[in-house]
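*Asks:* So the protein lines, in turn, are chains A and B. Going by this note's numbering, the letters in the first sequence line up with residues 6 to 287, in that order. Going by this note's numbering, the letters in the second sequence line up with residues 288 to 592, in that order. Glycine is no exception: its CB is placed at the ideal position from the N, C-alpha and C atoms. Treat the numbers as computed from the prediction; the structure is a model and nothing was measured. This structure is in structure tokens; I'll ask about it shortly.
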Amino acid sequence: MTRSNLQTSGFVRDPLLLCSLVFIAAIAAAGFLAPWISPYGAGGFEEKQILETPSLTHLMGTDGLGRDLLTRVLYGARVSLAVGIGTAMIALVIGTAYGLASGFTGGNLDQFMMRLVDIFYGLPDMLIFILLSLLFGRNIGGLLVALGLVSWVRFARIARGQALQAKEFLFVEGARAIGASRRRIVLRHILPNILGPIIVTLTYSIPAAILAESTLSFIGLGINDPYSAWGTSWGSLAQDGWRAMRTYPHILFFPAAAIFLTILAFNTLGNALSDLLNPRGK
Amino acid sequence: MLTFLLKRLFHGLAVIWVVATLTFILLRLAPGGPFDRERKLPPEVLANIEAKYHLDEPLSQQYLRYLTGILHLDLGPSYKYLDRGVKEIISDTLPTSVLLGLLALIFALMVSFPTGLIAAYFRNSWIDRLALLTATLGISVPHFVLGALLIWLFALQLGWLQAGRWDSAASMILPMVTLGAAPAAYIAALLRSTLIEALGEDFIRTARAKGLRENAVLFKHALRNSLVPVLTVMGPLTAALLTGSFVVEYVFAIPGMGRFFITAVTDRDYPLIMGVTLVYTALLVTANFLVDLFYAYVDPRIQVH
């Protein structure tokens, strides 16, 4: 068996990682299939059964307006995953392009571009999100842009570092020697080589975005769109539950658990991937 | 050494200037203003208000006024609180936030150092696995989830501690733990991995071979070499503490700067938002500067950099 096969088999044998993968798949399926899983409508309305504790008819109980909490949590998965994956993708595209451009150009422009990244990198994420959300509005699109504009710096740093390294690789020099175009060198020779660290960063960006979105929603600065077809984000559900925590802790418990477990699952996946791609760090 | 510090100082001031400028531009671009009401104000009234806050001047003049204000530590009037300026609000609330942040940092260091050391020393034992698992949990748990859980358990169920107050040492325990948990987990995991690396180095074998006691090997040789990576993350950790502080202040109803920041955003109280942003940036720049100083102390090679 080759070395990579050995590692792959160890990868799947870790029980925590396996649970994480299953959980992520389950959450994705739940969000996707929410209308078919839940017997209640998207709003989860069922009159006269307000603030019920969990029971067989309402597995997670109902909230202050009599909405089935399980239904709301299922729909909430859509928002959280969309925000997580959407943000990571925006950040990936902007950050990688910026980093590669900076690393390849080199010289003063590179220095200037990286100083800019340093400044953004050091600032508290949440501060920038909040400031940007004032500009872009508090809807899902605005939030994606704001979160993406903050997270790209991580990708930029990694892509640049890898680009600088890759410039020195012999096969890149070889490609240049036989007259390959710059575009071809970047796309065919360098991008595949820096894919590993980028994928790890991508995996960590998803939970970071989910965390940021739910925190913003919890403190009342998140998505502010009560009629969204997407459903209400877990952070907003937790905010509802927070107000009723003293008497009805279940309304807070389930969304909070969903947020925590999802972030945990993605972080575990990220750890496993970075161990896999960088065996020395173990 | 002096050039290095001067360079860092200059860099820090540049960061503050960039942030001040970007915030200014951002908030001027943002739609809606602090004086938008459901019922429109008569244009004459609005014009008077705008004149009072110099909003009728050209943007360049507003920007200059704003920058010179910062130089004089004058952050302007608040749009929302008529009796207090931004400076007064910040000087009233900043000490609370700084105290919370320092408590959390001390908590994080006191928990993470022993944990990281023990985990690294007994690597791959059940203690190590438990520590790693706890660290992964600690890194993943959002502040508001942990805060709510602690309040529910220790204040509502057990009744040991009170939540929603900030007046005694006992009332500070839960916020401190909530804010410090993630940094503690992060530092512990980092310290563990750098220590494991250090313990495998040749100079450790030499130290052991020449008969040094295990304590001396661990603390004098291994730990000192693992301090630099930990110091490297102190800057970002300060940023994380600042970010976390407004959530923790919100959850525990602590009268700190973060809570005012959240209200200021809802109220679109632009001068207060800009003031708080600047203070956060200044805190961060100071923290990074201190880290640089420590660096030079711990690792003399860095002075050349």
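Closer than 8 Å is the cut-off here; do at least three beta carbon pairs connect the stretch 522–535 of chain B with the stretch 335–355 of chain B?
*Replies:* These segments do not touch.
*Asks:* How big is the Cα-Cα spacing for LEU256(B) and VAL585(B)?
*Replies:* Absent from the structure is residue 256(B), since the part of chain B shown begins at 288 and ends at 592.
*Asks:* Are the CB atoms of ILE90(A) and ILE268(A) within a distance shorter than 9 Å?
*Replies:* no
*Asks:* For a contact meaning CB atoms closer than 9 Å, what does GLY522(B) contact in chain A?
*Replies:* GLY127
*Asks:* The stretch 386–415 of chain B: which residues have C-beta closer than 9 Å to a C-beta of chain A, in chain order?
*Replies:* none
*Asks:* Tell me the rounded alpha-carbon separation between HIS298(B) and LEU328(B).
*Replies:* Just so you know, the alpha carbons of HIS298(B) and LEU328(B) end up roughly 44 Å apart.
*Asks:* Could you list which residues in chain B have their beta carbon closer than 9 Å to that of THR273(A), in chain order?
*Replies:* Residues of chain B whose Cβ lies closer than 9 Å to the Cβ of THR273(A) are, in chain order, THR423 and SER427.
*Asks:* Measure from the C-beta of HIS592(B) to each C-beta in chain A and report whether the shortest distance is under 9 Å.
*Replies:* Its pLDDT being 46, under 50, HIS592(B) is placed unreliably by the model, and nothing is read from it.
*Asks:* Please determine, among ALA334(B), THR308(B) and PHE539(B), the residue with the shortest C-alpha to C-alpha distance to ILE438(B).
*Replies:* PHE539(B)
*Asks:* Starting from ILE124(A), find everything on chain B with Cβ-Cβ shorter than 7 Å and list it in chain order.
*Replies:* VAL302 and VAL305
*Asks:* Mind checking the stretch 215–227 of chain A against chain B and listing, in chain order, the residues whose C-beta falls within less than 8 Å of any C-beta there?
*Replies:* LEU216, SER219, THR220, PHE223, ILE224, GLY225 and LEU226
*Asks:* Tell me, please, which residues DSSP counts as bridged to PRO364(B).
*Replies:* GLY372(B)
*Asks:* By alpha-carbon positions, which one of PHE431(B), GLY403(B) and LEU461(B) ends up nearest to LEU419(B)?
*Replies:* GLY403(B)
*Asks:* For HIS430(B), count the other beta carbons within 10 Å of its own beta carbon; 16 or more makes it buried, fewer makes it exposed. Which is it?
*Replies:* buried
*Asks:* With distances taken Cα to Cα, identify the nearest neighbour of SER384(B) among TYR537(B), GLN444(B) and LEU292(B).
*Replies:* Of TYR537(B), GLN444(B) and LEU292(B), the smallest CA-CA separation from SER384(B) is found for TYR537(B).
*Asks:* Would a C-beta distance cut-off of 9 Å place LEU137(A) and LEU154(A) closer than the cut-off?
*Replies:* yes
*Asks:* Helix, strand or coil for ARG602(B), going by three-state DSSP, please let me know.
*Replies:* This structure leaves residue 602(B) out entirely; chain B is present only between 288 and 592.
*Asks:* According to DSSP, is ASP454(B) helix, strand or coil?
*Replies:* DSSP places ASP454(B) in coil when its eight states are reduced to three.
*Asks:* Would you list, in chain order, the members of the stretch 430–443 of chain B that have their beta-carbon closer than 8 Å to a beta-carbon of chain A?
*Replies:* Residues passing the 8 Å Cβ filter: HIS430, PHE431, VAL432, ALA435, LEU436, ILE438, TRP439 and LEU443.
*Asks:* Quick one: grab the DSSP three-state call for ASP73(A).
*Replies:* ASP73(A): strand per DSSP, three-state reduction.
*Asks:* So for ASP280(A), helix, strand or coil by DSSP?
*Replies:* helix
*Asks:* Between LEU433(B) and ALA468(B), how many whole angstroms is the CB-CB distance? I'm expecting something under 8 Å.
*Replies:* 6 Å
*Asks:* Are the stretch 357–377 of chain B and the stretch 553–569 of chain B touching, with three or more C-beta to C-beta distances below 8 Å?
*Replies:* yes
*Asks:* Could you compute how far the alpha carbon of GLY246(A) sits from the alpha carbon of GLU178(A)?
*Replies:* 59 Å
*Asks:* Looking at C-alpha atoms only, which residue of LEU369(B), LEU477(B), LEU333(B) and ARG315(B) is the closest neighbour of GLN349(B)?
*Replies:* ARG315(B)
*Asks:* Taking 8 Å as the limit between beta carbons, can you name the residues of its chain near PHE28(A), skipping five residues before and five after?
*Replies:* LEU266, THR267 and ALA270
*Asks:* Do PRO462(B) and VAL535(B) have their CB atoms nearer than 9 Å?
*Replies:* yes
*Asks:* Would DSSP call SER107(A) helix, strand or coil?
*Replies:* helix
*Asks:* Might you give, ordered along the chain, the residues of its own chain that have their beta carbon closer than 8 Å to the beta carbon of VAL398(B), omitting 5 neighbours on each side?
*Replies:* Excluding residues within five positions, the ones whose Cβ falls inside 8 Å are GLY467, ALA471 and ALA475.
*Asks:* Between GLY142(A) and chain B, is any beta-carbon pair separated by less than 9 Å?
*Replies:* yes
*Asks:* If I follow the unbroken alpha helix (DSSP H) through TYR126(A), where does it start and stop?
*Replies:* 112–127
*Asks:* For LEU292(B) versus ASP489(B), is the C-beta spacing smaller than 9 Å?
*Replies:* no
*Asks:* Could you name the residues of chain B that ALA261(A) contacts, counting a contact when the two beta carbons are closer than 7 Å?
*Replies:* VAL432 and ALA435
*Asks:* How about VAL78(A) and PRO260(A): do their beta carbons lie closer than 9 Å?
*Replies:* PRO260(A) is positioned such that its CB atom lies closer than 9 Å to that of VAL78(A).
*Asks:* Under 9 Å between C-beta atoms, does LEU23(A) make it to chain B?
*Replies:* no
*Asks:* When the Cα atoms are used, what is the spatial distance from LEU360(B) to ILE303(B)?
*Replies:* 13 Å
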